[in-house]
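> Before I ask anything, let me first share the structure, which is written out below as C-alpha cells.
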Amino acid sequence: MSAARSIAAPADDVWKAISMPGNLEPCHPFCASNPVQAWPGASSRDELHYLNGWIFERRFCHWIEGVGYDLEIGRRGGRTSFVSWRIEPDSESESTLRITVYPFVVQHWPLAIRWLPHLLRVRPLLGSYLSSVVRGFEWYVTRGEAVPRNQFGTHPWFSTSGETRV
C-alpha cells in the first residue's frame, strides 16, 4: 500500500524534512511526540507517540542519503510492518514523496480469507492514513510550519476524539 504526493519544493528540501531528528512531530498529523533514541543513519531508532496514546517503535534498516530510508514499525515486542520512504525529484523545484507500507495486520490469517478484511477495512484506512502523512510533510515543507493535529481529518486508528478538518 502506497501514498505519494507531489510537493512544490526541491528534493533536497523534502530530504531535510524527512531526515531531521524528530521529524514526525512537526509533520505528522496524528503524532503527539517523536522521541529519538539514535539518529541519523541505518541504525536510527525513534518512537511515534500517536494522539490516541499508542506508542510504536521505528527501527531503521536502510538509509539512502538524499533519497529515503526503510524501516520496521510496530508496538514494542509486537509484530512489525516494513515501511519505505522515497523522494523522487520531478524538476529542480518539485519532487514527489512516496511512502509504501507492507502491513503485518492480517499476515497471520490464512491466505484464503485474509484478502477480505484487507480489502474492506485495512486498505481504505491505511490509504487514508498514508495520504494524511504525506500531506502533512507537504504542509511542513511548503509552509515552514508544523501541521495542525488531525488537519486532514481524524483517523479511527490513531486520533483521539475531536474536531475533523478537511
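The sequence shown begins at 123 in our numbering and counts up by one.
In this text, a Cβ means the ideal position worked out from N, Cα and C, and glycines have one as well.
Using the C-alpha atoms, what's the distance from residue 214 back to residue 271?
Position 149 of the sequence shown, counted from the first residue, corresponds to residue 271. Position 92 of the sequence shown, counted from the first residue, corresponds to residue 214. Approximately 30 Å, taken between the alpha carbons.
> Is residue 169 closer than 7 Å to residue 181 when the C-beta atoms are compared?
For this step, residue 181 is matched to residue 59 along the sequence shown. For this step, residue 169 is matched to residue 47 along the sequence shown. Taking 7 Å as the Cβ cut-off, residue 181 and residue 169 do not qualify as a contacting pair.
> So who's on the other strand from residue 196, going by DSSP bridges?
Locating residue 196 in the sequence shown gives position 74, where the first residue counts as 1. Per DSSP, 179 and 202.
> Name the DSSP beta bridge partners of residue 213, please?
Taking the first residue of the sequence shown as position 1, residue 213 is located at position 91. 216.
> Return the CA-CA distance between residue 268 and residue 200, expressed in angstroms with no decimal places.
Within the sequence shown, residue 268 is the residue found at index 146, counting from 1. Within the sequence shown, residue 200 is the residue found at index 78, counting from 1. In a straight line, the C-alpha of residue 268 is about 30 Å away from that of residue 200.
> Between residue 264 and residue 130, is the Cβ-Cβ spacing less than 7 Å?
To locate residue 264, count along the sequence shown from 1; it is residue 142. To locate residue 130, count along the sequence shown from 1; it is residue 8. Yes, the Cβ-Cβ distance between residue 264 and residue 130 is below 7 Å.
> Kindly list the residues whose CB is nearer than 6 Å to the CB of residue 260, restricted to its own chain and excluding five residues on each side of it in sequence; keep chain order.
On the sequence shown, residue 260 is found 138 positions in, with the first residue counted as 1. If we look at residue 260 and ignore the five residues flanking it on each side, its Cβ neighbours are 127 and 129.
> Look up residue 255 in the DSSP assignment and say whether it is helix, strand or coil.
Locating residue 255 in the sequence shown gives position 133, counting from the first residue. Of the three classes helix, strand and coil, the one that applies to residue 255 here is helix, per DSSP.
> What residues in its chain sit with their C-beta under 6 Å from that of residue 205, if we drop five residues either side in the sequence?
Residue mapping note: residue 205 aligns to position 83 of the sequence shown, counting from 1. Result list for residue 205: 193, 195 and 223, in chain order.
> Pick out whichever of 208, 202, 174 and 188 has its Cα sitting closest to the Cα of residue 278.
Taking the first residue of the sequence shown as position 1, residue 278 is located at position 156. Considering only alpha carbons, the answer is 174.
> What did DSSP end up calling residue 133 once you bin it into helix, strand or coil?
For this step, residue 133 is matched to residue 11 along the sequence shown. Residue 133 falls in the helix class under three-state DSSP.
> Along the beta strand (DSSP E) that carries residue 169, what are the first and last residues, could you check?
The count along the sequence shown starts at 1 and reaches residue 169 at position 47. Looking at the DSSP string, the run of the beta strand (DSSP E) that includes residue 169 is 167-172.
> Could you check what DSSP says for residue 161 in three-state terms: helix, strand or coil?
Taking the first residue of the sequence shown as position 1, residue 161 is located at position 39. Reduced to three states, the DSSP call for residue 161 is coil.
> Quick one: give me the first and last residue of the beta strand (DSSP E) that residue 268 is part of.
The residue given as residue 268 occupies position 146 in the sequence shown. Where residue 268 is concerned, there is no enclosing beta strand (DSSP E), given that its DSSP letter is neither H nor E.
> Express the C-alpha separation of residue 171 and residue 157 in angstroms, rounding to a whole number.
Taking the sequence shown and counting its residues from 1, one reaches residue 157 at position 35. Taking the sequence shown and counting its residues from 1, one reaches residue 171 at position 49. Going from the Cα of residue 157 to the Cα of residue 171 covers about 8 Å.
> For residue 258 versus residue 183, is the C-beta spacing smaller than 7 Å?
Looking up residue 258 in the sequence shown gives position 136. Looking up residue 183 in the sequence shown gives position 61. No, they are not a contact pair.
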